[in-house]
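Numbering (the numbering used here), first residue to last: 78 to 240.
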């Protein structure tokens, strides 16, 4: 049916229809094939840039706080307290309880935590206090930006004495 219509056209019209078909095919290839690839590449580059910026921000804060070695001013008896109790009381007293979405003990000397949309400076100060007051060290951390500037989402594993 389409070929029949095409054959009835004058040679000049056939040429124009052929050119239009080729241009339409090229437009479809670019629109449906190339543009999504380029778009995903740009988004990936933006995510890498965001992660680098977050890393630099973490490094600046780490420089400001200073090295985390030296004497530990661990609260007496803190080694006997349950990690769940320590986490609960310290997050409440530091205003972090609303951001703590999950805590899960990982053996007797370790606990896994999930904070969402938590202020970056507040979590860093809390981690320092956990080390100094309770001898708990972050042995694993996964930190991502949240949608709000200065806030992060993070998964942390805290352990007694860094075990």
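C-beta atoms are modelled at their ideal positions from N, C-alpha and C, and glycine is treated no differently.
Nearest to residue i by alpha carbon, out of the options?
| i | options | result |
| --- | --- | --- |
| residue 138 | 219, 222, 201 | 201 |
| residue 129 | 82, 238, 221 | 221 |
| residue 229 | 184, 173, 99 | 173 |
| residue 142 | 209, 224, 235, 89 | 209 |
| residue 203 | 171, 224, 181 | 171 |
| residue 165 | 184, 183, 190, 121 | 190 |
| residue 161 | 135, 188, 136, 81 | 188 |
| residue 226 | 83, 110, 134 | 134 |
| residue 217 | 117, 183, 87 | 183 |
Looking only at its own chain, which residues have a Cβ that is under 6 Å from the Cβ of residue i, when we skip the five neighbours before and after it?
| i | result |
| --- | --- |
| residue 219 | 232 |
| residue 178 | 191, 193 |
| residue 181 | 189 |
Look up residue i in the DSSP assignment and say whether it is helix, strand or coil.
| i | result |
| --- | --- |
| residue 93 | helix |
| residue 230 | strand |
| residue 235 | strand |
| residue 87 | coil |
| residue 158 | coil |
| residue 172 | coil |
| residue 104 | helix |
| residue 80 | helix |
| residue 224 | coil |
| residue 139 | helix |
| residue 147 | Caution is warranted here: a pLDDT of 46 is assigned to residue 147, below 50, making its placement in the model unreliable, and no coordinate value can be reported. |
Within a Cβ cutoff of 7 Å, which residues of the same chain sit near residue i, ignoring the five residues on either side of it in sequence?
| i | result |
| --- | --- |
| residue 176 | 192, 193, 194, 195 |
| residue 237 | 156, 186, 212, 213 |
| residue 109 | none |
Less than 8 Å between C-beta atoms, sequence neighbours within five positions excluded: which residues of the same chain meet that for residue i?
| i | result |
| --- | --- |
| residue 154 | Confidence in residue 154 is poor, its pLDDT being 48 and thus under 50, which makes the residue's placement too unreliable to answer from. |
| residue 86 | 94 |
Write down every uninterrupted run of the beta strand (DSSP E) in the region 178–222 whose length is 3 residues or greater and which is fully enclosed by it, in chain order.
With a minimum length of 3 residues, the continuous beta strand (DSSP E) runs that stay inside the region 178–222 are 187–196, 213–222.
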